[in-house]
Amino acid sequence: MHFSQAPAHAAACRQMIETQLQPRGIHDPRVLEAMATVPRHAFVADTFQRRAYDDCALPSAAGQTISQPYIVAIMSQLLQVRGGEQVFEIGTGTGYQAAVLAYMVGERGHVYSIERLPELSDFAAKMLRWLNISNVTLQVGDGSAGWPEAKRFDRIIITAGAPHVPEPVQQQLADGGVLVAPIGDESLQQMVRITRHGNELREERFLDCRFVPLVGQYGWVTT
Numbered sequence: 004m005h006f007s008q009a010p011a012h013a014a015a016c017r018q019m020i021e022t023q024l025q026p027r028g029i030h031d032p033r034v035l036e037a038m039a040t041v042p043r044h045a046f047v048a049d050t051f052q053r054r055a056y057d058d059c060a061l062p063s064a065a066g067q068t069i070s071q072p073y074i075v076a077i078m079s080q081l082l083q084v085r086g087g088e089q090v091f092e093i094g095t096g097t098g099y100q101a102a103v104l105a106y107m108v109g110e111r112g113h114v115y116s117i118e119r120l121p122e123l124s125d126f127a128a129k130m131l132r133w134l135n136i137s138n139v140t141l142q143v144g145d146g147s148a149g150w151p152e153a154k155r156f157d158r159i160i161i162t163a164g165a166p167h168v169p170e171p172v173q174q175q176l177a178d179g180g181v182l183v184a185p186i187g188d189e190s191l192q193q194m195v196r197i198t199r200h201g202n203e204l205r206e207e208r209f210l211d212c213r214f215v216p217l218v219g220q221y222g223w224v225t226t
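Numbering of the sequence shown is given in our numbering, commencing with residue 4 and proceeding in unit increments.
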């Protein structure tokens, strides 16, 4: 992986860690290290470079957004990544969350990320190549239907608001695996963590949040 930051970006990144993340309960060293290392500004449009590390979501391509740093951090922390995991991300977006997870899982792990919008997937692929991140595989398709190949994942993250966890996705969660997703209606969701123990799924609920809707066969259907 190739990461470098100009002094101004490095200072803004440190401020993000110290004022946005740590005071709000982000304490996992692996998350903090990833957030401090992956250059968020690389995934933000030139127009918003000065706000790249602000505590807010920012517009991205195709009418979508890049989530605020705290949301990326809390979802990453709830996933309980320890290194070496196989991770499935639904909703690649700009690729920033995938880059953070790729750093967290390390060389022994791998991130599989699916995006329904080709232009977003292309942008993410370009940025991941530029950063020399090689442990991410991208796919264009309907993430609500799961990863196209029959595969089990140690961790699953859904980065769009869903009415429920899609059944095909749920089936791809390995025993002992953890899934994090915003679940609710199209305007407001709750962050949910699901842990699989054999055939039993344990659910925990956390903060309220707002995400763009998960569009697809097992998500929200466009009209």
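Note that CB positions come from ideal geometry on N, CA and C, so glycine has one too.
Values in this document were obtained by computation on a predicted structure and should not be read as measured data.
Item to complete: Let me know if proline 169 comes out buried or exposed under the rule of 16 or more other beta-carbons within 10 Å of its beta-carbon.
Response: buried
Worksheet item: Of all the beta strand (DSSP E) runs that stay within the bounds of the segment 85-165, which reach a length of 3 or more residues?
Response: If you keep only unbroken beta strand (DSSP E) runs of at least 3 residues inside the segment 85-165, you get 89-93, 113-118, 139-143 and 156-161.
Worksheet item: Near leucine 24, which residues of its chain fall below 6 Å by C-beta distance, leaving aside the five closest residues on each side in sequence?
Response: Ala76
Practice prompt. Report the residue from His200, Leu35, Val181 and Gly187 whose alpha carbon sits nearest the alpha carbon of valine 215.
Written response: In this structure, Gly187 is the residue among His200, Leu35, Val181 and Gly187 with its C-alpha nearest to the C-alpha of valine 215.
Worksheet item: Can you tell me whether cysteine 212 is buried or exposed, with buried defined as 16 or more other CB within 10 angstroms of its CB?
Response: buried
Fill in: Endpoints, the alpha helix (DSSP H) within which methionine 19 is located
Premise fails: methionine 19 is in no alpha helix (DSSP H) and is neither H nor E.
Worksheet item: Can you tell me whether leucine 104 is buried or exposed, with buried defined as 16 or more other CB within 10 angstroms of its CB?
Response: Classification for leucine 104: buried.
Practice prompt. In the DSSP assignment, find the unbroken beta strand (DSSP E) run with isoleucine 186 in it and report its ends.
Written response: 176-187
Fill in: According to DSSP, residues forming a beta bridge with valine 218
Trp223
Worksheet entry | Inter-residue spacing [alpha-carbon to alpha-carbon] between glutamine 71 and leucine 217 | 18 Å
Practice prompt. Put aspartate 49 into one of helix, strand or coil per three-state DSSP.
Written response: helix
Item to complete: Please report the residue range of the beta strand (DSSP E) in which glutamine 193 lies.
Response: 192-200
Worksheet entry | CB contact flag (valine 181, methionine 194, <9 Å) | no
Discussion item. Quick check: is the beta carbon of leucine 176 nearer than 9 Å to any beta carbon in chain C?
Written reply: The structure shown contains no chain C; it holds only a single protein chain.
Practice prompt. Take the Cβ of serine 79 as the centre, count every other Cβ of all protein chains shown within 10 Å, and call the residue buried at 16 or more, exposed below.
Written response: buried
Worksheet item: Do you know how far the Cα of alanine 14 is from the Cα of histidine 200?
Response: 42 Å
Worksheet item: Would the beta-carbon of arginine 119 fall within 9 Å of that of glycine 219?
Response: One thing to note: arginine 119 has its Cβ within 9 Å of the Cβ of glycine 219.
Worksheet item: Which of the three DSSP states, helix, strand or coil, is assigned to arginine 54?
Response: helix
Practice prompt. Let me know if threonine 140 comes out buried or exposed under the rule of 16 or more other beta-carbons within 10 Å of its beta-carbon.
Written response: exposed
Discussion item. Would the segment 158-172 count as touching the segment 122-139 if we require 3 or more Cβ pairs under 8 Å?
Written reply: no
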